[in-house]
Amino acid sequence: MTRAVKLAILAALVVAAFALSLIAGKQWLPLDGDAARAIMIELRLPRALIGLALGAVLGLSGAVLQGYLRNPLADPAVVGVSSSAALGAVFAILYAGASSLAVFGAAMAGAGGAMALLAALTWRSASPVAFILAGTVLASLAGALTAFLISTAANPYAIASVLDWLMGALTDRSLADAARAIPPMAVGAVLLAATARSLDALTLGEEAARSLGVRLGRLQALVVIGTGLTIGAGVAVTGVVGFVGLVVPHLLRPVFGHRPSDLLLPSALGGAVLLLVADSLCRLAPGASEVRLGVAMALIGAPFFLMLLLRHRRSAWI
Amino acid sequence: MDLIFDSVGVMRGRRAVLRDIDLTLRAGRVTAILGPNGAGKSTLLKAAAALIPATGRVRLGNDAVATMAPAHRARAIGYLPQEAAVHWNIRARDAVALGRLPHRSAYAAASARDAAAIDAALAATETTHLAQRPIAELSGGERARVLLARVLAGEPTWLLADEPLASLDPAHQLDILDRLRAVAAGGRGVGIVLHDLIQAGRVADDVLVMHDGRVAAHGPARAILQPAVLEPVFGVRFGTLPGPHPICIAMERLGR
């Protein structure tokens with residue numbers, strides 16, 4: 569099967585998953601009737617759009633970060649952007665009225681702050697090791713500050729809504745939410761896609777890549793800003809949803825090959841499929857309330873990933 | 128075009144690993160770079176490829192290497208690092224194709240010219256039959272040849288290689304040396320770090336001997352590969368063999 573055919577199949581899966589996300593729910597939608605149209609446009613369309621965009625950027629940024637750090641265990645969480653965006657959002661929920669605009673703005677500010685700190689910490693080194701260390705420091709700092717904010721909050725209802733939000737969900741998002749989140753995601757995705765060639769060159773190591781004309785500083789800027797915009801906007805509108813960026817490039821590597829540039833587009837498509845299907849399943853799970861998407865991803869993702877590791881244990885490239 | 132070093136120095140921390148290098152490596156010739164461990168051989172190559180900050184200036188003809196546009200420099204100087212790292216299990220041909228990256232404009236697909244250069248590089252290193260194999264399935268020597276093909280595919284004006292023979296069997300060592308001689312015969316420059324003095328005698332037109340970050344000797348191979356020149360640098364007594372090439376063989380440590 570050629571790459572084009574495989575991509576076409578993935579794209580068809582995206583379309584199918586998007587359609588599923590539009591009609592699936594405790595009430596399956598027939599495709600006509602005014603009430604159905606209202607539910608679809610007001611409730612399910614924004615949810616499907618955000619799910620599509622979020623899954624795509626999670627998959628893409630995971631593939632880019634794994635290529636950049638040359639490490640199959642890398643994912644957007646290692647950069648510290650998601651925890652920093654979450655910190656901003658938690659602050660807004662507790663102290664700035666918790667409107668969706670305030671949460672979005674604060675989360676983007678948190679992501680922006682993380683990008684600036686990351687750039688400052690790795691300035692002039694452009695080495696993946698410095699990048700991982702700086703990201704780890706940022707993630708734990710943001711996590712600690714988030715815990716601090718929660719522990720000092722006076723209002724138990726606010727704490728409940730913070731915890732609810734942190735678990736990540738696509739429930740009850742509006743078209744306005746989608747319109748806020750998708751533009752920064754699109755800009756970030758373009759920046760991330762521009763790293764493709766440099767990631768290929770990095771396969772041979774940093775020195776060989778530089779001897780091939782790769783500017784590591786520019787590459788790092790693309791990775792940092794691209795991840796910040798995509799993941800920041802994602803967290804801002806859905807909370808923290810993990811595992812997609814880690815698992816999707818893994819799943820697709822045997823199908824599309826190991827070359828980093830060959831994995832970017834497939835990972836975006838695959839991430840969208842995974843997230844849309846997972847979100848649809850969340851709605852269908854029995855019980856009065858929905859399973860939170862972030863929780864579901866972790867519940868599905870962790871054992872799945874373990875299985876993957878066990879199966880590939882004998883090969884050098886897990 | 129000759130590769131010219133104007134009082135080049137490199138510091139690592141507070142230690143000068145390269146000092147006062149004034150040198151002209153000539154195009155159209157193979158220069159073997161020799162010296163004991165820590166003499167500054169690899170550092171010299173990296174400074175020449177502008178991969179590390181250096182004082183002074185390295186020039187390719189009249190152009191300072193450090194200030195060339197990265198893509199232009201990448202087309203001019205091909206560099207093969209010592210460690211044969213390939214971080215993803217890509218196909219051998221895709222690894223070789225990376226050598227063409229400096230020749231491709233931002234989003235253009237590979238051209239017929241690129242494909243021809245890749246094929247030629249695979250043929251030159253006898254790796255054509257490995258082209259479709261994943262790199263993890265290759266032996267150390269096969270992988271080393273594929274990585275050398277990567278540099279050859281870029282068709283650089285200067286080819287700088289850090290111990291390209293290290294993991295090769297004798298037959299492939301001879302093949303690669305022939306290949307490097309052919310590159311130089313085509314008018315391009317070749318600088319290779321070697322540890323094997325016998326291979327150096329076989330391949331080199333010129334020999335550069337480094338010692339403690341300085342140039343200990345530089346000149347035509349026959350003049351430099353002499354026990355009197357090498358013994359103070361390596362601290363080893365050398366014997367010689369008669370024959371078409373200047374052959375020096377390490378016999379025993381001096382001063383023990």
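Sequence lines, in order, name chains Y and B.
Quick note: the first sequence uses the numbering used here, first residue 569, plus one each step.
Quick note: the second sequence uses the numbering used here, first residue 128, plus one each step.
For glycine and all other residues, C-beta sits at the position ideal for the given N, C-alpha and C.
On a predicted model such as this, the values are computed, not experimentally measured, just so you know.
How is the beta strand (DSSP E) around residue 379 of chain B delimited, first residue to last?
In the second sequence, the residue the question calls residue 379 of chain B occupies position 252. Note, residue 379 of chain B: beta strand (DSSP E), 374 to 380.
Beta carbon of residue 275 of chain B, beta carbon of residue 780 of chain Y: below 8 Å?
Locating residue 275 of chain B in the second sequence gives position 148, counting from the first residue. Locating residue 780 of chain Y in the first sequence gives position 212, counting from the first residue. In this structure, residue 780 of chain Y does not lie closer than 8 Å to residue 275 of chain B by Cβ.
Decide if residue 300 of chain B is buried, meaning its Cβ has at least 16 other Cβ atoms within 10 Å, or exposed.
Translated into the one-based positions of the second sequence, residue 300 of chain B becomes position 173. It counts as buried.
Taking the beta carbon of residue 697 of chain Y as the centre, do at least 16 other beta carbons fall within 10 Å, making it buried, or is it exposed?
Indexing the first sequence from 1 puts residue 697 of chain Y at position 129. Per the 10 Å Cβ criterion, exposed.
Please list the terminal residues of the continuous alpha helix (DSSP H) segment that includes residue 150 of chain B.
Here residue 150 of chain B refers to the residue found at position 23 when the second sequence is read from its first residue. Counted as a single uninterrupted DSSP element, the stretch harbouring residue 150 of chain B is not any alpha helix (DSSP H) but the beta strand (DSSP E) occupying residues 142 to 152.
On a CA-only basis, which of Y:778, Y:647, Y:850 is nearest residue 681 of chain Y? Give me that one, please.
Along the first sequence, read from residue 1 onward, the residue named residue 681 of chain Y stands at position 113. Of the candidates Y:778, Y:647, Y:850, the one whose C-alpha sits nearest the C-alpha of residue 681 of chain Y is Y:647.
According to DSSP, is residue 885 of chain Y part of a helix, a strand, or is it coil?
Taking the first residue of the first sequence as 1, we reach residue 885 of chain Y at position 317. Low per-residue confidence applies at residue 885 of chain Y: pLDDT is 47, beneath 50, and the placement is therefore not dependable, though the value from the model is reported in the following sentence. In the structure shown, residue 885 of chain Y sits in coil (DSSP, three-state: anything other than H, G, I, E or B).
Alpha carbon to alpha carbon, how far is residue 793 of chain Y from residue 683 of chain Y? Give it in angstroms, no decimals.
Sequence index remark: in the first sequence, residue 683 of chain Y carries index 115 (1-based). Sequence index remark: in the first sequence, residue 793 of chain Y carries index 225 (1-based). Taking the straight line joining both Cα atoms gives about 7 Å.
Among the residues of its own chain, which have a CB less than 8 Å from the CB of residue 654 of chain Y, if the five just before and after it don't count?
Residue 654 of chain Y sits at position 86 when you count from the first residue of the first sequence. Contacts found: 675, 678, 710, 714, 734, 803, 807, 808.
For residue 132 of chain B, the residue or residues it bridges with in DSSP
For the purposes of this step, residue 132 of chain B is taken as the residue at position 5 of the second sequence. Paired residue(s): B:150, B:185.
Burial state of residue 365 of chain B (16 or more Cβ within 10 Å):
In the second sequence, counting from the first residue as 1, residue 365 of chain B sits at position 238. Residue 365 of chain B comes out buried.
Hey, out of B:234, B:247, B:185, whose CA is closest to residue 137 of chain B's CA?
On the second sequence, residue 137 of chain B is found 10 positions in, with the first residue counted as 1. Residue 137 of chain B has its Cα closest to that of B:185, out of B:234, B:247, B:185.
Could you spell out where the beta strand (DSSP E) holding residue 322 of chain B opens and where it closes?
For the purposes of this step, residue 322 of chain B is taken as the residue at position 195 of the second sequence. No beta strand (DSSP E) contains residue 322 of chain B, which DSSP labels as neither H nor E.
Starting from residue 341 of chain B and walking both ways along the beta strand (DSSP E), at which residues does that stretch end?
Within the second sequence, the letter at position 214 stands for residue 341 of chain B. Run containing residue 341 of chain B: 341 to 347, per the beta strand (DSSP E) assignment.
Sequence-distant residues of the same chain with beta carbon closer than 8 Å to residue 268 of chain B, five excluded per side
Here residue 268 of chain B is taken as the residue at index 141 of the second sequence, counted from 1. So the qualifying residues of the chain are 294, 295, 296, 299.
Determine the direct distance from the alpha carbon of residue 193 of chain B to that of residue 314 of chain B, and round the result to whole angstroms.
Within the second sequence, residue 314 of chain B is the residue found at index 187, counting from 1. Within the second sequence, residue 193 of chain B is the residue found at index 66, counting from 1. The straight-line gap from Cα to Cα measures roughly 23 Å.
Closest residue to residue 226 of chain B among B:182, B:215, B:242 (Cα-Cα distance):
Here residue 226 of chain B refers to the residue found at position 99 of the second sequence. Minimum Cα distance to residue 226 of chain B is reached at B:242.
Distance, Cα to Cα, residue 158 of chain B vs residue 369 of chain B?
The sequence position of residue 158 of chain B within the second sequence is 31, counting from 1. The sequence position of residue 369 of chain B within the second sequence is 242, counting from 1. Rounded to the nearest angstrom, the two C-alpha atoms are 22 Å apart.
Go ahead and pull the three-state DSSP assignment for residue 735 of chain Y.
As a first step, residue 735 of chain Y must be located in the first sequence, where it is residue number 167. Residue state, collapsed to three classes: coil.
Would residue 244 of chain B and residue 280 of chain B be called neighbours here (beta carbons separated by less than 8 Å)?
Locating residue 244 of chain B in the second sequence gives position 117, counting from the first residue. Locating residue 280 of chain B in the second sequence gives position 153, counting from the first residue. Yes, these two residues count as a Cβ contact at 8 Å.
What are the uninterrupted segments assigned as alpha helix (DSSP H) that are 4 or more residues long and contained completely in the stretch 689 to 740 of chain Y, given in chain order?
Correct list: 696 to 720, 724 to 734.
Limits of the alpha helix (DSSP H) - the one that residue 159 of chain B falls within:
For the purposes of this step, residue 159 of chain B is identified with residue 32 of the second sequence, where counting begins at 1. Unbroken run through residue 159 of chain B is the beta strand (DSSP E), 157 to 161; no alpha helix (DSSP H).
Would you kindly work out how many angstroms separate the C-alpha atoms of residue 606 of chain Y and residue 790 of chain Y, rounded to a whole number?
To locate residue 606 of chain Y, count along the first sequence from 1; it is residue 38. To locate residue 790 of chain Y, count along the first sequence from 1; it is residue 222. About 40 Å.
Do residue 670 of chain Y and residue 840 of chain Y have their CB atoms nearer than 8 Å?
Reading the first sequence from its first residue, position 102 is the one you call residue 670 of chain Y. Reading the first sequence from its first residue, position 272 is the one you call residue 840 of chain Y. When the beta-carbon positions are compared, residue 670 of chain Y and residue 840 of chain Y stay at least 8 Å from each other.
Let me see if you follow: with CB-CB separation under 8 Å, is residue 776 of chain Y close to chain B or not?
As a position in the first sequence, residue 776 of chain Y is number 208, starting the count at 1. Output row for residue 776 of chain Y: interface = yes.
Going by beta carbon distance, what residues of the same chain come within less than 6 Å of residue 252 of chain B, once the five residues before and after it are set aside?
Here residue 252 of chain B corresponds to residue number 125 of the second sequence, with the count starting at 1. Counting only Cβ-Cβ distances below 6 Å, and skipping sequence neighbours, we find 272, 275, 276.
Where do the N-terminal and C-terminal ends of the alpha helix (DSSP H) with residue 894 of chain Y fall, by residue?
Because residue 894 of chain Y is not part of the residues shown, which for chain Y are 569 to 886, the question remains open.
Residue 208 of chain B versus chain Y: which residues are under 7 Å apart at the beta carbon?
Residue mapping note: residue 208 of chain B aligns to position 81 of the second sequence, counting from 1. Simply 773, 775, 776.
Cα separation between residue 704 of chain Y and residue 642 of chain Y?
Within the first sequence, the letter at position 136 stands for residue 704 of chain Y. Within the first sequence, the letter at position 74 stands for residue 642 of chain Y. Rounded to whole angstroms, residue 704 of chain Y to residue 642 of chain Y spans 11 Å at the Cα level.
Quick check on the DSSP output: the beta strand (DSSP E) that includes residue 363 of chain B runs from which residue to which?
Within the second sequence, residue 363 of chain B is the residue found at index 236, counting from 1. Counting along the chain, the beta strand (DSSP E) containing residue 363 of chain B begins and ends at 363 to 368.
Residue 834 of chain Y by DSSP, collapsed to three states: which one?
By one-based count along the first sequence, residue 834 of chain Y stands at place 266. Reduced to three states, the DSSP call for residue 834 of chain Y is helix.
Where residue 885 of chain Y and residue 771 of chain Y are concerned, what is the direct C-alpha to C-alpha distance, given to the nearest angstrom?
As a working mapping, residue 885 of chain Y is identified with position 317 in the first sequence. As a working mapping, residue 771 of chain Y is identified with position 203 in the first sequence. Below a pLDDT of 50, predicted positions are generally treated as unreliable, and residue 885 of chain Y, at 47, falls in that range; no measurement from the model is reported.
Tell me whether the beta-carbon of residue 336 of chain B lies closer than 8 Å to the beta-carbon of residue 363 of chain B.
Counting from one through the second sequence, the residue named residue 336 of chain B turns up at place 209. Counting from one through the second sequence, the residue named residue 363 of chain B turns up at place 236. No; because the gap between Cβ atoms is not below 8 Å, this pair is not in contact.
Bridge partners - residue 139 of chain B, DSSP secondary structure assignment:
Translated into the one-based positions of the second sequence, residue 139 of chain B becomes position 12. Residue 139 of chain B pairs with B:142.
If we ignore side chains and look at the alpha-carbon of each, how far apart do residue 323 of chain B and residue 183 of chain B end up?
Taking the first residue of the second sequence as 1, we reach residue 323 of chain B at position 196. Taking the first residue of the second sequence as 1, we reach residue 183 of chain B at position 56. Distance between the alpha carbons of residue 323 of chain B and residue 183 of chain B is about 30 Å.
Short CB-CB distance (under 8 Å) between residue 828 of chain Y and chain B:
For this step, residue 828 of chain Y is matched to residue 260 along the first sequence. Output row for residue 828 of chain Y: interface = yes.
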